[in-house]
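Numbering (this note's numbering), first residue to last: 8 to 159.
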């Protein structure tokens, strides 16, 4: 089973940026925690980060052609306005889990809206690094459910 983790704009600054909301953990540490859990779950994991919206859309398009089993995405600020990323995600037939380190619903009002929400299976937010780990478990579970569904 192949799982793709997408980290969006500015998330390469985890560990430096706004520790009150994001803590001191770095993106490399998040990816290492995900890799450890992926190994425990017996799944292949790829992590990708970009600050360029077109590169993110290209990676999503590749996920479609590569038949990825599930996608986890923390789009960062793009969550709230990128219809391009939303439309790219909409081409995927695999489960998509939206993830955020902070509770976006308890922050500034512009962060309460996710333009991705209607194309994702669910959203996990507010648990710091554990948001990613919970999202990986949810993505694997949803992918297993999808594989076990009878074709009609």
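Backbone N, C-alpha and C define an ideal beta-carbon position, used for all residues, glycine too. Given the structure is predicted, the values throughout are model-derived calculations rather than measurements.
How should residue i be labelled, buried or exposed, when 16 other C-beta atoms within 10 angstroms of its C-beta is the threshold for buried?
| i | result |
| --- | --- |
| residue 90 | exposed |
| residue 81 | buried |
| residue 119 | exposed |
| residue 100 | exposed |
| residue 160 | Nothing in the structure corresponds to residue 160, since the chain is present only between 8 and 159. |
| residue 26 | exposed |
Where does residue i fall in DSSP's three states?
| i | result |
| --- | --- |
| residue 64 | helix |
| residue 38 | helix |
| residue 59 | coil |
| residue 53 | strand |
| residue 17 | coil |
| residue 27 | helix |
| residue 44 | helix |
| residue 154 | helix |
Give every residue of the same chain whose Cβ lies closer than 8 Å to the Cβ of residue i, excluding the five residues on either side of it in the sequence, and list them in chain order.
| i | result |
| --- | --- |
| residue 68 | 95 and 98 |
| residue 130 | 104, 105, 106, 107, 121 and 124 |
| residue 10 | 45, 50, 51, 52, 53, 75, 76, 77, 78, 79, 143, 146, 147 and 150 |
Could you compute how far the alpha carbon of residue i sits from the alpha carbon of residue j?
| i | j | result |
| --- | --- | --- |
| residue 155 | residue 73 | 20 Å |
| residue 87 | residue 64 | 16 Å |
| residue 71 | residue 115 | 33 Å |
| residue 62 | residue 51 | 22 Å |
| residue 41 | residue 136 | 9 Å |
| residue 117 | residue 17 | 17 Å |
| residue 140 | residue 43 | 10 Å |
| residue 19 | residue 59 | 12 Å |
Excluding five sequence neighbours on each side, which residues of the same chain lie with their C-beta closer than 7 Å to the C-beta of residue i?
| i | result |
| --- | --- |
| residue 21 | 29, 32, 33, 34 and 37 |
I'd like the list of long-range same chain contacts for residue i, defined as Cβ closer than 6 Å, with 5 residues on each side in sequence excluded.
| i | result |
| --- | --- |
| residue 133 | 110 |
* beta strand (DSSP E) runs wholly inside the stretch 90-140, at least 3 long, in chain order -> 103-107 and 129-132
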